[in-house]
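Residue numbers (my numbering): 12 to 139. Cβ atoms here follow ideal geometry from the backbone N, Cα and C, with glycine treated the same way.
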């Protein structure tokens, strides 16, 4: 091991198997990425607002297309819980991730909606 490696001063990130890489405060998995550090207050507020908008759009989509899903009414109800939780001043991460985790497999048949749910999950995990 070189002196440079012992001090860690040259470490700019971690790469595992080529599919996952971490650099400073960012994580990339295949083509997706997420920031894992705490955002500045103004940035965090804007990110939370974007997350609320994404949840609202998800609820609207699921309401509009509930017949296309096996448990459409349950999906709408779960998405509404996510939207309500995000409206709180301090949303609870565990609840959000549990509800989003139940939505993800149910919408897997629609690539666009599945991608939206995954993006919301990543944002929740990074923000709260």
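Item	Value
Could you tell me the distance, in whole angstroms, from the CA atom of residue 106 to the CA atom of residue 96?	8 Å
Tell me the rounded alpha-carbon separation between residue 89 and residue 81.	14 Å
If we ignore side chains and look at the alpha-carbon of each, how far apart do residue 112 and residue 132 end up?	8 Å
What distance in whole Å lies between the Cβ atoms of residue 67 and residue 94, which are believed to be in contact at a cut-off of 8 Å?	6 Å
Is it true that the CB of residue 130 sits closer than 8 Å to the CB of residue 115?	no
Is the beta carbon of residue 119 closer than 8 Å to that of residue 125?	yes
So, with DSSP's three-state summary, where would you put residue 99?	coil
DSSP three-state call for residue 76: helix, strand or coil?	coil
Give the straight-line distance between the Cα atoms of residue 55 and residue 104, rounded to the nearest whole angstrom.	15 Å
Helix, strand or coil: how does DSSP classify residue 120 here?	coil
Quick one: what does DSSP say residue 133 is sitting in, helix, strand or coil?	helix
With the cut-off set at 8 Å, would you say residue 135 and residue 92 are in Cβ contact?	no
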